[in-house]
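> I have a structure here, written as structure tokens, and I will follow up with some questions on it.
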Amino acid sequence: MSTDNTRTDRPKTTTAPTRREVAEVVAEATEATLHGTPDHARAERSSAPAAGTTAAQTQRYGDLELRFTSTFTDSSTTRGMIIQNPVPPSGWRSLGTVLCHPSEDVALVVKDCSAQGDLLKSPTGFTRLAELKAGHIHYATIWQPNAPSGYAALGVYVTPAGSTPAPDAVACVKKTHNGRTYARQAELSTSGALTWFRHNVTPPYPHGDAEEHLLLPVGTMSYNPDPNPAPTATTWILDLPAVVDKLDGPDTPDLENYNSPPAQTIITDRAVTVPFFLVADPARTRRWKAEHSPFYKILRKRTFALVRHVDYRGAGGGQISESVTQGVSTEKSEEFSLTTGITVGVSVGVEASAKPFGVGASTTVETSVSTSIEMGYSRRYGVTSMESKTVGVTYEVPADHAGALWSEKHELIPVRADDSTVTNATLTFDSGSYVGRTYPHTDQAPPKVSDPTPAATTADGTPIPNLWENLDQIEVIPAGT
Numbered sequence: 361m362s363t364d365n366t367r368t369d370r371p372k373t374t375t376a377p378t379r380r381e382v383a384e385v386v387a388e389a390t391e392a393t394l395h396g397t398p399d400h401a402r403a404e405r406s407s408a409p410a411a412g413t414t415a416a417q418t419q420r421y422g423d424l425e426l427r428f429t430s431t432f433t434d435s436s437t438t439r440g441m442i443i444q445n446p447v448p449p450s451g452w453r454s455l456g457t458v459l460c461h462p463s464e465d466v467a468l469v470v471k472d473c474s475a476q477g478d479l480l481k482s483p484t485g486f487t488r489l490a491e492l493k494a495g496h497i498h499y500a501t502i503w504q505p506n507a508p509s510g511y512a513a514l515g516v517y518v519t520p521a522g523s524t525p526a527p528d529a530v531a532c533v534k535k536t537h538n539g540r541t542y543a544r545q546a547e548l549s550t551s552g553a554l555t556w557f558r559h560n561v562t563p564p565y566p567h568g569d570a571e572e573h574l575l576l577p578v579g580t581m582s583y584n585p586d587p588n589p590a591p592t593a594t595t596w597i598l599d600l601p602a603v604v605d606k607l608d609g610p611d612t613p614d615l616e617n618y619n620s621p622p623a624q625t626i627i628t629d630r631a632v633t634v635p636f637f638l639v640a641d642p643a644r645t646r647r648w649k650a651e652h653s654p655f656y657k658i659l660r661k662r663t664f665a666l667v668r669h670v671d672y673r674g675a676g677g678g679q680i681s682e683s684v685t686q687g688v689s690t691e692k693s694e695e696f697s698l699t700t701g702i703t704v705g706v707s708v709g710v711e712a713s714a715k716p717f718g719v720g721a722s723t724t725v726e727t728s729v730s731t732s733i734e735m736g737y738s739r740r741y742g743v744t745s746m747e748s749k750t751v752g753v754t755y756e757v758p759a760d761h762a763g764a765l766w767s768e769k770h771e772l773i774p775v776r777a778d779d780s781t782v783t784n785a786t787l788t789f790d791s792g793s794y795v796g797r798t799y800p801h802t803d804q805a806p807p808k809v810s811d812p813t814p815a816a817t818t819a820d821g822t823p824i825p826n827l828w829e830n831l832d833q834i835e836v837i838p839a840g841t
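Numbering of the sequence shown is given in the numbering used here, commencing with residue 361 and proceeding in unit increments.
See below:
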């Protein structure tokens with residue numbers, strides 16, 4: 361923020377500090393210190409971007425459209441980070457002040473596409489929360505946007521000391537619009553570059569949630585210096601209708617003659633569109649992503665892979681018997697997570713995890729967004745088809761018949777806007793669904809699946825149910841009762 365607007369506690373007769381004096385004070389300040397960005401840098405960030413530096417691509421989620429901007433004003437640096445206010449293009453709105461890494465400062469802005477034009481509203485006013493200063497010099501003021509009734513402010517707004525926010529500096533989001541939620545109360549990060557600014561991060565999904573939606577932190581912050589911060593009036597994130605392209609899954613395979621069947625078609629039956637910061641793509645900078653691929657897709661591909669084919673012509677019948685390792689192993693999940701930021705497993709389903717806006721390499725704030733339902737799985741958590749285990753699969757084939765056994769495979773792939781794959785970012789696993797067919801066709805029983813792992817039992821031998829499949833049956837008994 362410009363030091364031209366700062367005010368001090370010194371008598372008015374005292375000569376204003378020089379820029380060098382300001383810099384010396386800043387160097388001795390605590391971590392709450394903010395210092396003015398040099399004039400040439402501030403002018404560069406607050407001016408219109410050069411052609412090709414700002415992403416032109418947008419994505420609509422329900423009645424809210426998203427895009428990114430790299431134009432900012434009121435910039436200040438602290439501890440290697442930049443606190444600044446996005447300058448949205450005409451017709452777009454900012455949601456609050458963001459904390460960015462200096463070399464890759466981009467921010468999300470939004471546009472109201474509702475027929476009523478009431479999804480976004482300006483605050484009714486602003487409440488002063490705190491002053492930031494170094495020594496006797498005030499640098500900035502933190503403001504809380506006061507949301508209209510039924511609306512939520514998604515973050516604080518910071519101005520140079522001595523100035524107040526414009527009435528339309530930020531937009532508040534309608535909590536419920538056309539029968540669905542658009543803003544959800546969030547949680548606050550407990551770590552980060554600053555101890556008094558906390559990022560708004562994703563809360564747990566509601567129990568039993570089966571709605572296709574995207575909980576989206578937008579890089580804004582709340583002010584709460586408490587070491588164990590509770591949500592404040594500005595601790596909200598977007599809750600948007602998911603953008604999911606859907607196709608029918610692969611056709612059930614069939615055996616049309618005695619020969620081994622051809623490979624089955626691979627079908628992309630789900631494509632979930634997410635902002636780029638929900639997919640880790642370390643081979644590209646944040647600026648590159650905002651310009652060339654502001655939105656990524658997480659694809660699910662499905663096919664039936666042949667496990668075994670037999671031909672019992674001129675012989676007695678037999679049995680196809682195979683061991684199949686299905687689900688996602690811990691090793692595969694960890695490797696995929698490190699590469700893409702997407703965690704896959706029985707307990708989490710599919711979670712897109714990435715650092716929210718404003719978090720640099722030196723900090724560890726992260727947020728997770730579940731996409732299990734959107735990817736076509738029946739549960740958000742406890743997705744049993746991802747449980748890693750080796751099972752026995754058998755299929756009976758009569759005499760003088762051919763037989764084939766297939767296993768349905770799933771592949772998860774994050775791709776950029778040009779459909780290029782994030783480097784080494786694929787995860788393939790057997791889903792636990794099997795198909796058996798004979799030729800000539802017979803009404804054979806479906807393949808049998810046996811789990812060699814002994815079922816868990818109590819001391820008296822009573823089976824213990826699979827908790828992932830029986831979450832709704834769990835009873836909580838308070839201690840001492």
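Note that beta-carbon positions come from the ideal geometry of N, C-alpha and C, so glycine has one too.
Since this is a predicted model, take the numbers as computed values, not measurements.
Is Pro577 closer than 7 Å to Ile658 when the C-beta atoms are compared?
Against a cut-off of 7 Å, the Cβ pair of Pro577 and Ile658 comes out as no contact.
> Using alpha carbons as the reference points, say which of Ser748, Ala759, Ile680 lies closest to Lys808.
Checking every option, the nearest Cα to that of Lys808 belongs to Ile680.
> With distances taken between CB atoms, is the gap from Val670 to Val795 smaller than 7 Å?
Their beta carbons are not under 7 Å apart, which means Val670 does not touch Val795 by this criterion.
> Using 8 Å as the threshold, is the segment 584-599 in touch with the segment 617-630, meaning 3 or more CB pairs across them?
With the cut-off at 8 Å, the segment 584-599 and the segment 617-630 do not touch.
> Please state if the CB of Ala643 and the CB of Val466 are separated by a distance shorter than 7 Å.
Cβ atoms of Val466 and Ala643: not closer than 7 Å.
> Between the alpha carbons of Gly674 and Tyr755, how many angstroms are there, rounded?
Approximately 19 Å between the Cα atoms of the pair.
> Quick one, are the C-beta atoms of Gly676 and Ala759 less than 7 Å apart?
In this structure, Ala759 lies closer than 7 Å to Gly676 by Cβ.
> Keeping to the same chain, check which residues put their C-beta closer than 7 Å to that of Pro527; ignore five residues upstream and five downstream.
Around Pro527: Ser482.
> DSSP on Lys535, reduced to helix/strand/coil?
DSSP places Lys535 in coil when its eight states are reduced to three.
> CA-CA distance, Thr633 and Glu691?
Approximately 26 Å, taken between the alpha carbons.
> Apart from the five residues on each side of it in sequence, which residues of its chain come closer than 7 Å, Cβ to Cβ, to His573?
Cβ within range, chain order: Asp599, Leu600, Pro601, Ala602.
> Is the beta carbon of His770 closer than 7 Å to that of Phe789?
Going by C-beta atoms, Phe789 is nearer than 7 Å to His770.
> Using DSSP with H/G/I as helix, E/B as strand and the rest coil, what is Glu682?
Glu682 falls in the strand class under three-state DSSP.
> Pull up the DSSP beta-bridge partners for Val795, would you.
Bridge partners of Val795: Trp766.
> Whether or not the segment 534-545 and the segment 515-526 are in contact is what I'm after, with contact meaning three or more pairs of Cβ atoms, one per stretch, closer than 8 Å; do they touch?
Contact between the segment 515-526 and the segment 534-545 is absent, because fewer than three Cβ pairs lie under 8 Å.
> Would Ile865 pass as a contact of Ala490 if the rule is Cβ separation under 7 Å?
An answer regarding residue 865 cannot be provided, because it is not within the stretch 361 to 841 covered by the chain.
> Which residue's Cα is closest to the Cα of Ala785: Tyr656, Gln686, Ala764, Glu682?
Selected option, being the one with the closest Cα: Tyr656.
> Assuming Leu607 and Asp629 make a contact with CB atoms under 8 Å, what is their CB distance in whole Å?
Right, their Cβ atoms sit about 5 Å apart.
> To which residues does DSSP link Pro774 through a beta bridge?
For Pro774, which the question treats as bridged, DSSP gives the partners Ile658.
> Count the other CB atoms within 10 Å of the CB of Ser653; is the residue buried (16 or more) or exposed (fewer)?
Ser653 comes out buried.
> Quick one: grab the DSSP three-state call for Glu651.
Glu651 falls in the helix class under three-state DSSP.
> With DSSP collapsed to three states, give me the class of Glu747.
Coil at Glu747, not helix or strand.
> Tell me, please, which residues DSSP counts as bridged to Phe432.
Answer by DSSP bridge pairing, in chain order: Pro446.
> Taking just the CA atoms, how far does Gln545 sit from Ala640?
Looking at the two C-alpha atoms, the distance is approximately 25 Å.
> Look at the Cβ atom of Leu548, then the Cβ atom of Ser582, and state whether they are nearer than 7 Å.
Yes; because the gap between Cβ atoms is below 7 Å, this pair is in contact.
> By DSSP, does Leu607 sit in helix, in strand, or in coil?
Correct three-state label for Leu607: coil.
> Given that a residue counts as buried once 16 or more other Cβ atoms are within 10 Å of its Cβ, and exposed if not, what is Arg626?
Note that residue 626 is Ile in the sequence shown, not Arg. Counting Cβ neighbours within 10 Å, Ile626 comes out exposed, since fewer than 16 surround it.
> Between Val470, Asn588, Ser767, which has its C-alpha nearest Phe335's C-alpha?
Absent from the model: residue 335. The displayed extent of the chain is 361 to 841, so no value can be given.
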